Amino acid sequence: MRLLDVVLLAFSALKDRKLRTVLTILGMVVGPAAYVAVIASTEGISESIIDSLRNLGAEKIFVWRSARSNIDITDKMVEDISRIQGVKYAIPFYAMSTGQAKAKGMTVELNPAETYSVLALDFRDIDKIFPGAKLKEGLMPLGGDNVALIGSKVAVPDSKDLPRIYVGDAITIIRHNPAGESKSHSVVVQGILDYYGQSFFYNPDLLIFVSREAGKKLIGGRSYTGIFVIAEDSSLIDYIETRLSERYGGEVIVISTKAVLQTVQTISGTLTIFLASMASMSLIVAFLAIMATMFTAVTERIREIGLLKALGFKTRDVLLSFLMEAALIGLIGGIIGAVVGVAGAYILAQPSSPEQEAQGGISNIRGQMGFSALNIAYTPRITPELLLTAIGLAFIVGILAGLIPAWRAAKYTPVEALRRE
Numbered sequence: 051m052r053l054l055d056v057v058l059l060a061f062s063a064l065k066d067r068k069l070r071t072v073l074t075i076l077g078m079v080v081g082p083a084a085y086v087a088v089i090a091s092t093e094g095i096s097e098s099i100i101d102s103l104r105n106l107g108a109e110k111i112f113v114w115r116s117a118r119s120n121i122d123i124t125d126k127m128v129e130d131i132s133r134i135q136g137v138k139y140a141i142p143f144y145a146m147s148t149g150q151a152k153a154k155g156m157t158v159e160l161n162p163a164e165t166y167s168v169l170a171l172d173f174r175d176i177d178k179i180f181p182g183a184k185l186k187e188g189l190m191p192l193g194g195d196n197v198a199l200i201g202s203k204v205a206v207p208d209s210k211d212l213p214r215i216y217v218g219d220a221i222t223i224i225r226h227n228p229a230g231e232s233k234s235h236s237v238v239v240q241g242i243l244d245y246y247g248q249s250f251f252y253n254p255d256l257l258i259f260v261s262r263e264a265g266k267k268l269i270g271g272r273s274y275t276g277i278f279v280i281a282e283d284s285s286l287i288d289y290i291e292t293r294l295s296e297r298y299g300g301e302v303i304v305i306s307t308k309a310v311l312q313t314v315q316t317i318s319g320t321l322t323i324f325l326a327s328m329a330s331m332s333l334i335v336a337f338l339a340i341m342a343t344m345f346t347a348v349t350e351r352i353r354e355i356g357l358l359k360a361l362g363f364k365t366r367d368v369l370l371s372f373l374m375e376a377a378l379i380g381l382i383g384g385i386i387g388a389v390v391g392v393a394g395a396y397i398l399a400q401p402s403s404p405e406q407e408a409q410g411g412i413s414n415i416r417g418q419m420g421f422s423a424l425n426i427a428y429t430p431r432i433t434p435e436l437l438l439t440a441i442g443l444a445f446i447v448g449i450l451a452g453l454i455p456a457w458r459a460a461k462y463t464p465v466e467a468l469r470r471e
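In the numbering used here, each residue's number is its place in the sequence shown (first place is 1) plus 50.
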């Protein structure tokens with residue numbers, strides 16, 4: 051019997067029992083759909099985080115005070131760190147993620163995820179921390195405590211509740227200390243950066259850049275918030291981290307983009323395997339559903355099996371016919387499931403609210419330095435391999451589920467089948 055004839059016979063049998071076939075296929079759809087949606091979303095998020103880290107550069111280290119630190123991050127510490135072998139730049143900064151900013155008659159609560167935050171540093175160092183940052187409007191400030199540079203989304207916010215800010219506009223930054231006292235400082239916007247995109251620990255598009263002098267007036271005290279350390283080469287990161295740990299111990303927190311990248315890749319791989327395994331559990335349910343359906347089909351068609359055998363069908367032909375039915379259920383369910391999974395992955399990637407859309411994605415991970423957040427806007431990673439794997443798994447499940455029922459059907463002799471009927 052030709053393979054085409056087997057396929058046509060299987061299709062005909064499935065059409066004769068439309069409702070049962072449709073329900074069984076729907077049961078099969080869940081597994082491939084969950085598999086595709088989960089894997090595509092997980093890999094998309096991981097890829098987005100990894101790209102952010104790579105954009106930041108693997109040669110960067112962040113140093114800031116630990117919660118129980120008894121030391122201040124001073125110019126002396128910055129100078130000492132800059133002398134460590136392999137350190138190219140040591141850039142101190144002040145950061146402010148709580149407080150208020152007044153512009154255009156509106157008062158905006160600082161929030162690195164939803165509105166904006168303040169980063170105070172030497173303007174000349176911005177390009178070192180944000181490689182490739184470009185000026186869109188105005189001028190790059192050279193210094194002075196009364197000027198500011200703002201990110202693209204500070205100038206043109208995603209939210210309609212925030213004011214649009216232009217070059218020449220004044221912004222008053224207000225900081226409230228734990229004692230309840232307030233400090234304010236006004237700056238004039240001298241330049242606006244072009245859209246940059248998310249970078250690790252902060253989003254430059256949501257930053258108000260001011261000078262270190264302005265930052266010191268606002269925050270006060272002797273200590274900087276932290277230090278951006280840039281190595282001459284990423285191969286020197288481990289050495290520099292070791293020297294920093296030896297010198298300052300637990301007084302400071304040291305995190306390198308290289309270490310975070312390695313951690314993210316490890317976690318991503320483990321998480322993908324775990325979630326794929328969980329999604330694949332639904333294939334077991336589909337396996338049982340197909341097997342039950344095929345056993346029912348065999349029981350209902352015993353007379354048909356006997357007639358086919360009497361007309362000259364071989365055991366192999368009957369086996370292939372029933373096996374093909376189960377395989378087609380798996381294949382059709384796999385194809386529909388893959389399509390549903392792709393749609394589901396893109397639905398998951400969409401922000402569920404305007405506020406979430408303003409944050410750039412469905413996930414918001416706050417940076418440990420407290421002055422920024424990592425807003426993950428991701429695209430599901432749909433690959434031919436992923437789709438083929440999902441469809442292939444469903445097809446294999448269909449075949450395996452149909453093996454025992456098909457074998458039972460093939461074993462009937464014409465006499466036995468007709469007698470039992």
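Backbone N, C-alpha and C fix where the C-beta goes; we use that ideal spot for every residue, glycine too. Keep in mind it's a predicted model, so treat the numbers as computed, not measured.
Check, Outcome
"Pick helix, strand or coil for F278, following the three-state DSSP scheme.", "strand"
"State the Cα-Cα distance for the pair E435 and G94, rounded to the nearest angstrom.", "15 angstroms"
"Assuming Y298 contacts F143 under a Cβ cut-off of 8 angstroms, what Cβ separation, rounded to an integer in Å, is found between them?", "Not confirmed; about 17 angstroms, so no contact."
"For the 8 angstroms Cβ check, are there 3 or more pairs between the segment 384-400 and the segment 80-89?", "yes"
"Can you tell me whether M156 is helix, strand or coil according to DSSP?", "strand"
"Can you check whether the CB of A326 is closer than 8 angstroms to the CB of I89?", "yes"
"Which word fits E231, buried or exposed, when buried means at least 16 other C-beta atoms lie within 10 angstroms of its C-beta?", "exposed"
"Tell me whether V335 is buried or exposed, calling it buried when 16 or more other Cβ atoms sit within 10 Å of its Cβ.", "exposed"
"For T292, count neighbouring Cβ atoms within 10 angstroms of its own Cβ and tell me buried if that reaches 16, exposed if not.", "exposed"
"In terms of residue numbering, what span does the alpha helix (DSSP H) encompassing S284 cover?", "Unbroken run through S284: none, as it is neither H nor E."
"Take every Cβ of the segment 149-156, pair it with every Cβ of the segment 215-228, and state whether three or more of those distances are shorter than 8 angstroms.", "yes"
"Could you tell me which residues DSSP pairs with S232 in its beta bridges?", "H226"
"Going by DSSP, what residues sit across from Q150 in a beta bridge?", "E159, I224"
"Distance, Cα to Cα, G276 vs I123?", "7 angstroms"
"Starting from G247, follow its DSSP beta bridges and name the residues at the other end.", "Note: G247 sits in no beta bridge, so no partner."
"Can you tell me whether A87 is helix, strand or coil according to DSSP?", "helix"
"Answer with buried or exposed for K308, where buried requires no fewer than 16 other C-beta atoms within 10 angstroms of its C-beta.", "buried"
"By Cβ distance, which residues of its chain are closer than 6 angstroms to F173, with the 5 residues on each side in sequence left out?", "P191"
"Measuring only the C-alpha atoms, how far is T433 from L59?", "34 angstroms"
"Of all the options L358, E350, A395, M374, which has the alpha carbon lying nearest to the alpha carbon of R67?", "E350"
"Are the CB atoms of D195 and A264 nearer to each other than 8 angstroms?", "yes"
"To which residues does DSSP link G188 through a beta bridge?", "G241"
"Just grab the DSSP bridge partners of W114 for me.", "G276, I303"
"Could you compute how far the alpha carbon of I412 sits from the alpha carbon of F259?", "Because the pLDDT of I412 is 35, which lies under 50, any placement of that residue in the model is unreliable, and the number read from its coordinates should be weighed accordingly. About 27 angstroms."
"Check whether the Cβ atoms of A376 and A451 sit closer than 8 angstroms, and answer yes or no.", "yes"
"Could you check the C-alpha separation between L294 and I242 for me, to the nearest Å?", "35 angstroms"
"If we ignore side chains and look at the alpha-carbon of each, how far apart do G44 and S119 end up?", "Outside the displayed range of the chain (51 to 471) lies residue 44, so it cannot be described from this structure."
"Whole angstroms is fine: what's the gap from P464's alpha carbon to I75's?", "31 angstroms"
"Can you name the start and end residues of the beta strand (DSSP E) that V260 belongs to?", "257-260"
"Verify whether the separation of the beta carbon atoms of L257 and S167 is less than 8 angstroms.", "yes"
"What separation, rounded to the nearest whole angstrom, lies between the Cα atoms of G218 and K154?", "11 angstroms"
"Once DSSP output is grouped into helix, strand and coil, what is the label at P82?", "helix"
"What is the DSSP secondary structure of A264, counted as helix, strand or coil?", "helix"
"Y298 by DSSP, collapsed to three states: which one?", "helix"
"Using the C-alpha atoms, what's the distance from G383 back to R214?", "51 angstroms"
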